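Position 106, counted from 1, in the sequence shown is what the numbering used here calls 114; the numbers after and before it change by one each time, with no gaps.
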Amino acid sequence: MWFWIGGFVSKGLSPASGVGGELLKIEGGYVRPVDGAVKVFLWVRNLGGEASLPRTVYVFKEGSSSPVCIANGLPWSVEPRGLEYLDLWMPVGWELAIGDTSLYCSEGVVPGATYVIKVVTARGLEYSSVFTAG
9 MWFWIGGFVS KGLSPASGVG GELLKIEGGY VRPVDGAVKV FLWVRNLGGE
59 ASLPRTVYVF KEGSSSPVCI ANGLPWSVEP RGLEYLDLWM PVGWELAIGD
109 TSLYCSEGVV PGATYVIKVV TARGLEYSSV FTAG
């Protein structure tokens, strides 16, 4: 089965054959600079049969293999057939730690530039979408 996620064609897993029935789809969102930080907002739908636990979000400049922002240890879940939003504020140049969650950007995002947002779940599955910074 093949499916389309935000501009990427990826080999997908059906909910019945996925890792633990996990299958996410990034349905929309944005990335933008805000007052010395980077704001990432995503709408994520769980098409699988079990709760999904997105734990890490990376922001990459298009074409780069090194992330400019990382949010790690996220305490977030998306229930089966649910649509949830993720709203992150990641400071530029310093790390924000809240409990087990850490947020950091080595640099800000540039309006008009293209970025790849990657979500990695607790089971190690990765989902990506492409956004132009606002």
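Backbone N, C-alpha and C fix where the C-beta goes; we use that ideal spot for every residue, glycine too. The model shown is predicted, which means the values in this text are computed figures rather than measured ones.
**Item:** C-beta contact flag for V67 and P75 at 7 angstroms
**Value:** Here residue 67 is taken as the residue at index 59 of the sequence shown, counted from 1. Here residue 75 is taken as the residue at index 67 of the sequence shown, counted from 1. Cβ distance < 7 angstroms, so V67 and P75 count as in contact.
**Prompt:** What do you reckon, are the CB atoms on K33 and L50 nearer than 7 angstroms?
**Reply:** Within the sequence shown, the letter at position 25 stands for residue 33. Within the sequence shown, the letter at position 42 stands for residue 50. Contact flag unset, no.
**Asked** So who's on the other strand from L82, going by DSSP bridges?
**Response** Walking along the sequence shown from the start, residue 82 turns up at place 74. Beta-bridge annotation (DSSP): L82 is not paired with any residue.
**Request:** Along the beta strand (DSSP E) that carries S130, what are the first and last residues, could you check?
**Result:** Along the sequence shown, one-based indexing puts residue 130 at 122. A small correction: the amino acid at residue 130 is Ala; Ser does not occupy that position in the sequence shown. The continuous stretches of beta strand (DSSP E) do not include A130, and DSSP gives it neither H nor E.
**Request:** Determine the DSSP secondary structure at G29, reduced to helix, strand or coil.
**Result:** Locating residue 29 in the sequence shown gives position 21, counting from the first residue. Note: G29 maps to helix in three-state DSSP.
**Prompt:** Using the rule of at least 16 other Cβ atoms within 10 Å of the residue's Cβ for burial, across every protein chain shown, is W84 buried or exposed?
**Reply:** Position 76 of the sequence shown, counted from the start, is the residue given in the question as residue 84. Buried is the label assigned to W84, since at least 16 other Cβ atoms lie within 10 Å of its Cβ.
**Asked** Do W102 and A45 come within 7 angstroms of each other at the CB atom, strictly closer than that value?
**Response** Walking along the sequence shown from the start, residue 45 turns up at place 37. Walking along the sequence shown from the start, residue 102 turns up at place 94. Taking C-beta atoms as the reference points, A45 and W102 fail to come closer than 7 angstroms.
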